[in-house]
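Q: A single structure is presented below for examination.
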Amino acid sequence: MNRSMFHSSASASFHFDNPSLQRSGGHGSIVTPFARALSVLSAFTLKDRWLGNGDLAQRTGLPASTVTRMTRTLIALGYLRCSADTRRFCLSPSALTLGYRAAADTEIHYAVNHHMAQFAERHHVQVHLSLRDKFNLVIIDSCRTSALPALLQPGIGTRLLLASSAAGWALLASLPETERNYLLQSMKYPPQDAGKQIRLRLNEAIGQIREDGFCVALGQSGQPMTMVAAPIKLSGQAPLAVSCMGPAMLMGRARSVRELGPALVRMTQKIQHGQEPP
Amino acid sequence: MARKTSERGSVTLMTVERGLKVLRAFRSERASLTNAELVRRTGLPKAVVSRLTSTLLQLDFLRLVPGKREFELSAGALGIGHAYLATNEMLQTAQPLMLELADRLDVSVALGIQDGIDILYVGYRVSRKVATLRLGVGSILPMGTTSIGHAYLWALPPAQQRQLIDECKRWTTKAQSGALEQSIQASFTELENFGVCAVMDGFQRRTYGVALPIRVGRQGVLMSMSCGKAAVKLDLQSERARIAPALKEAAKQLEATLHDFDGYL
């Protein structure tokens with residue numbers, strides 16, 4: 030998986046010195062031990078069942094002694110289990126009681142999944158459904174295609190940076206302007222040119238979505254996958270985006286703009302009108 | 018020094034426990050709750066609850082319902098749950114068998130474990146033909162009123178079984194408590210006679226479940242497995258007869274398939 034595009038999976042956990050967590054304005058102060066415990070739980074990813082104290086400290090940005098206190102606490106409460114040698118930890122089934130189902134398994138998700146599976150099959154691309162989580166997007170559903178090796182296809186729960194992925198642009202485009210501006214101002218960008226480049230691309234993409242209903246991030250050196258994305262707006266739901274992805278050599282500009290983009294838009298229209306797939 | 022460390026540990030424990038209690042008070046459901054309702058459900062002081070909900074808002078485990086002073090579950094726990102499920106080989110291995118059974122019987126198939134006086138679904142597959150009864154992995158169902166809960170209770174050692182039944186009854190009114198005991202005992206008799214129990218309207222109205230206990234892995238971890246469906250007009254007995262043989266067969270296969278796993282869930 031390409032790390033430059035996929036906000037490394039380790040960052041599925043929020044690093045504790047993330048400034049957005051320490052901002053005490055807005056919602057009021059934070060209950061620090063609780064936030065730390067959640068960040069330890071969030072440090073586990075799809076790739077690692079077992080993590081040691083060192084891994085947890087690195088991923089959460091917490092001091093080792095704090096991590097030890099947190100793992101002890103979470104073991105006592107039944108959310109973590111430790112290995113026989115007591116050096117490594119893994120999540121317990123109670124990890125599922127913290128709201129997983131509500132996020133993963135909504136009615137809409139079921140309806141959309143059918144459309145996505147059909148799309149993946151017909152166009153031989155991977156299809157994602159994602160929503161925004163602070164400055165990231167989270168993939169909440171994914172339909173893989175057998176035309177691509179599974180390793181290249183990011184799984185559910187993967188986070189990407191909002192500002193530098195097509196699905197993120199689609200999510201940003203569907204926000205009210207004031208909310209979008211606030212987010213864009215609060216985001217951290219790479220310094221100088223790189224940051225300027227990102228903002229430029231983002232504005233361009235939002236323009237494209239207004240015009241055509243979708244946007245395209247073409248694969249290039251260092252990022253060999255192309256992504257095409259479109260927003261979905263459903264009443265009473267947080268904005269969602271559907272996107273499809275494939276290697277740049279199979280998803281060039283022409284195919285993305287003429288075939289996949291319009292097909293994605295048609296799919297979102299069907300979803301928005303609550304149509305069952307044929 | 019050691020004392021100071023342990024004091025700090027117990028304060029942390031209490032704070033984290035309270036925070037998780039607030040999060041769990043949503044019972045994995047989409048329904049939105051106010052601070053007042055969370056106070057009622059958790060029994061925690063109002064000021065504590067509002068600091069915890071504000072923390073959960075900032076970490077994106079909760080979000081505010083637009084235009085209301087109500088919270089609903091957000092994407093925060095998604096990654097945690099997925100990490101757990103994706104890395105649990107035993108549950109992954111169980112999936113194809115569950116799907117096969119679901120498709121064969123046109124039902125949903127669930128694997129559950131104990132979570133307090135509830136059953137937590139750790140596995141769930143639904144037949145493509147079942148349109149209703151959309152409870153997924155992570156669903157939390159009451160142990161005392163569902164077939165999957167009764168099957169779990171039945172397999173427990175007597176003392177533990179009694180204790181848990183009493184605990185379930187403690188949360189009901191006196192009138193309900195008698196009915197609860199009766200329905201649990203009826204399920205136990207069924208399990209003894211047929212190896213499965215069938216319960217109607219256990220959790221969602223007009224649904225039924227047929228369940229049995231299984232023991233998996235080298236540790237023989239107790240789980241419960243059920244087939245469920247929405248039922249408009251149906252004869253529970255004949256559904257039980259239809260489902261029981263296939264469910265028992267699948268349970269046997271599952272136990273055999275998972276036999277060599279370390280057995281921890």
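So the protein lines, in turn, are chains A and B. If you read the first sequence in the working numbering, its first letter stands for residue 30, the second for the next number, and so on. If you read the second sequence in the working numbering, its first letter stands for residue 18, the second for the next number, and so on. Cβ coordinates follow ideal geometry from the N, Cα and C atoms, glycine included. Bear in mind the structure is a predicted one, so any value in this text is a computation, not a measurement.
(1) Residues of chain B with CB closer than 8 Å to the CB of K163 (chain A), please, in chain order.
(2) From the beta carbon of A66 (chain A), is the nearest beta carbon of chain B less than 7 Å away?
(3) Determine the closest residue to P230 (chain B) out of B:T72, B:A53, B:E272 and B:E87, with distance taken between C-alpha atoms.
(4) Count the other C-beta atoms from every protein chain shown that fall within 10 angstroms of the C-beta of L229 (chain A), then say buried if there are 16 or more, exposed otherwise.
(5) For G184 (chain A) and L191 (chain A), which I take to be in contact (beta-carbon distance under 8 Å), what is that distance rounded to the nearest angstrom?
(6) Buried or exposed for N105 (chain B), please, with buried defined as at least 16 other CB atoms from any protein chain shown within 10 angstroms of its CB.
(7) Within the continuous alpha helix (DSSP H) that includes T102 (chain A), where are the two ends?
(8) Which whole-angstrom value is the C-beta distance of I261 (chain A) and Q301 (chain A), which I expect to be below 8 Å?
(9) Can the beta-carbon of P174 (chain B) be found closer than 7 Å to that of D135 (chain B)?
(10) Which residues in the same chain have their Cβ closer than 7 Å to the Cβ of I201 (chain B), if we skip the five residues on either side of it in sequence?
(11) State the Cα-Cα distance for the pair I169 (chain A) and Q177 (chain B), rounded to the nearest angstrom.
(12) Is there a Cβ of chain A sitting closer than 7 Å to that of V143 (chain B), yes or no?
(13) Quick one: what does DSSP say H276 (chain B) is sitting in, helix, strand or coil?
(14) DSSP three-state label for G165 (chain A), please.
(15) Using the Cβ count rule (16 or more neighbours within 10 Å means buried), how would you classify Q237 (chain A)?
(16) Name the residues in the segment 95-106 of chain B whose C-beta lies less than 9 Å from a C-beta of chain A; which are they?
(17) When you compare the CB of T89 (chain A) with every CB in chain B, is at least one pair closer than 7 Å?
(18) From B:K85, B:L282, B:S164 and B:M217, pick the residue whose C-alpha is nearest to that of S49 (chain B); which is it?
(19) What does the alpha-carbon distance come out to for the pair M244 (chain A) and T95 (chain A)?
(20) Figure out for me which residue from A:L247, A:L70, A:R173 and A:L189 has the closest Cα to the Cα of I9 (chain A).
(21) Helix, strand or coil for Y281 (chain B), going by three-state DSSP, please let me know.
(22) Please tell me whether L264 (chain B) has its Cβ less than 7 Å away from any Cβ of chain A.
(23) Determine the DSSP secondary structure at I261 (chain A), reduced to helix, strand or coil.
(24) Consult DSSP for G129 (chain B) and reduce its assignment to one of helix, strand or coil.
(25) Taking Cβ positions only, does P276 (chain A) come closer than 7 Å to chain B?
(26) So if I threshold CB-CB distances at 7 Å, which residues from the segment 37-53 of chain B count as touching chain A?
(27) Which of the three DSSP states is assigned to M254 (chain A) in this structure?
(28) Helix, strand or coil for D252 (chain B), going by three-state DSSP, please let me know.
(29) Starting from the C-beta of T274 (chain B), find all residues in its chain whose C-beta is less than 8 Å away, skip the five residues before and the five after it, and write them out in chain order.
(30) Is it buried or exposed, A132 (chain A), if we count other Cβ atoms within 10 angstroms and call 16 or more buried?
(31) Rounded to the nearest angstrom, how far is the Cβ of V213 (chain B) from that of V227 (chain B), given a contact under 8 Å?
(32) By DSSP, does G54 (chain A) sit in helix, in strand, or in coil?
(33) May I have a chain-ordered list of the alpha helix (DSSP H) segments no shorter than 4 residues that lie completely inside the segment 190-218 of chain B?
(34) Can you give me the start and stop residues for the beta strand (DSSP E) that K76 (chain A) sits inside?
(35) Check G166 (chain B) in the structure and name its three-state DSSP category.
A: The short version:
(1) Residue mapping note: residue 163 (chain A) aligns to position 134 of the first sequence, counting from 1. Per Cβ cutoff of 8 Å: D77.
(2) Taking the first residue of the first sequence as position 1, residue 66 (chain A) is located at position 37. Yes, contact with chain B.
(3) As a working mapping, residue 230 (chain B) is identified with position 213 in the second sequence. For the residues B:T72, B:A53, B:E272 and B:E87, the minimum Cα distance to P230 (chain B) belongs to B:E272.
(4) In the first sequence, the residue the question calls residue 229 (chain A) occupies position 200. So L229 (chain A) ends up on the exposed side.
(5) Working through the first sequence from its first residue, we reach residue 184 (chain A) at position 155. Working through the first sequence from its first residue, we reach residue 191 (chain A) at position 162. Actually they are not in contact, since the Cβ atoms of G184 (chain A) and L191 (chain A) sit about 19 Å apart, beyond 8 Å.
(6) Translated into the one-based positions of the second sequence, residue 105 (chain B) becomes position 88. So N105 (chain B) counts as buried.
(7) Looking up residue 102 (chain A) in the first sequence gives position 73. Here the alpha helix (DSSP H) through T102 (chain A) covers A93 to A105.
(8) Here residue 261 (chain A) corresponds to residue number 232 of the first sequence, with the count starting at 1. Here residue 301 (chain A) corresponds to residue number 272 of the first sequence, with the count starting at 1. Indeed they touch by this definition, with Cβ atoms about 6 Å apart.
(9) Within the second sequence, numbered from 1, the residue matching residue 174 (chain B) stands at position 157. Within the second sequence, numbered from 1, the residue matching residue 135 (chain B) stands at position 118. No.
(10) Reading the second sequence from its first residue, position 184 is the one you call residue 201 (chain B). Excluding sequence neighbours, I201 (chain B) sits near G161, H167, L170 and I182.
(11) Mapped onto the first sequence, residue 169 (chain A) falls at position 140. Mapped onto the second sequence, residue 177 (chain B) falls at position 160. Each residue's alpha carbon lies about 39 Å from the other.
(12) For the purposes of this step, residue 143 (chain B) is taken as the residue at position 126 of the second sequence. For V143 (chain B), the answer is no, since every Cβ of chain A falls outside 7 Å of its Cβ.
(13) Locating residue 276 (chain B) in the second sequence gives position 259, where the first residue counts as 1. It is coil, neither helix nor strand.
(14) Sequence index remark: in the first sequence, residue 165 (chain A) carries index 136 (1-based). Note that residue 165 (chain A) is Asn in the sequence shown here, rather than Gly. Three-state result, N165 (chain A): strand.
(15) Numbered from 1 along the first sequence, position 208 holds the residue referred to as residue 237 (chain A). Buried, because 16 or more other Cβ atoms sit within 10 Å of the Cβ of Q237 (chain A).
(16) So the list reads L95, G96, I97, G98, H99, A100, Y101, L102, A103, T104, N105 and E106, given in the order they occur along the chain.
(17) In the first sequence, counting from the first residue as 1, residue 89 (chain A) sits at position 60. Chain B has no Cβ within less than 7 Å of the Cβ of T89 (chain A).
(18) The count along the second sequence starts at 1 and reaches residue 49 (chain B) at position 32. The option with the nearest alpha carbon to S49 (chain B) is B:K85.
(19) As a working mapping, residue 244 (chain A) is identified with position 215 in the first sequence. As a working mapping, residue 95 (chain A) is identified with position 66 in the first sequence. Reading off the sequence shown, one finds Cys at residue 244 (chain A), where the question assumed Met. Roughly 44 Å between the two C-alpha positions.
(20) Lying before the first or after the last residue shown, residue 9 (chain A) is absent from chain A, which here runs from 30 to 307.
(21) In the second sequence, residue 281 (chain B) corresponds to position 264, counting from 1. DSSP places Y281 (chain B) in coil when its eight states are reduced to three.
(22) Position 247 of the second sequence holds residue 264 (chain B). Nearest CB-CB separation between L264 (chain B) and chain A: not below the 7 Å threshold.
(23) The residue you call residue 261 (chain A) lines up with position 232 of the first sequence. Three-state DSSP puts I261 (chain A) in a strand.
(24) For the purposes of this step, residue 129 (chain B) is identified with residue 112 of the second sequence, where counting begins at 1. In the structure shown, G129 (chain B) sits in a strand (DSSP, three-state: E or B).
(25) Taking the first sequence and counting its residues from 1, the one referred to as residue 276 (chain A) is at position 247. With 7 Å as the cut-off, P276 (chain A) does not count as an interface residue toward chain B.
(26) For the segment 37-53 of chain B, which is checked against every Cβ of chain A, the residues closer than 7 Å are L37, L40, R41, F43, S45, E46 and R47.
(27) The count along the first sequence starts at 1 and reaches residue 254 (chain A) at position 225. M254 (chain A) carries a strand assignment under DSSP once its states are collapsed to helix, strand and coil.
(28) Here the question's residue 252 (chain B) lines up with position 235 in the second sequence. The answer is coil: DSSP assigns D252 (chain B) none of H, G, I, E or B.
(29) Here residue 274 (chain B) refers to the residue found at position 257 when the second sequence is read from its first residue. Around T274 (chain B): T110, A111 and L114.
(30) Counting from 1 along the first sequence, the entry for residue 132 (chain A) is found at position 103. Buried.
(31) The sequence position of residue 213 (chain B) within the second sequence is 196, counting from 1. The sequence position of residue 227 (chain B) within the second sequence is 210, counting from 1. That belief holds up - the Cβ atoms of V213 (chain B) and V227 (chain B) are roughly 5 Å apart, short of 8 Å.
(32) Counted from its first residue, the first sequence places residue 54 (chain A) at position 25. Residue confidence is low: G54 (chain A) scores 42 on pLDDT, short of 50, so the model does not pin down where it sits. No coordinate-derived value is stated.
(33) Taken in chain order, the unbroken stretches of alpha helix (DSSP H) that lie wholly in the segment 190-218 of chain B and span 4 residues or more are 191-211.
(34) Taking the first residue of the first sequence as position 1, residue 76 (chain A) is located at position 47. Counting along the chain, K76 (chain A) falls outside any beta strand (DSSP E), and DSSP gives it neither H nor E.
(35) Along the second sequence, read from residue 1 onward, the residue named residue 166 (chain B) stands at position 149. Three-state result, G166 (chain B): helix.
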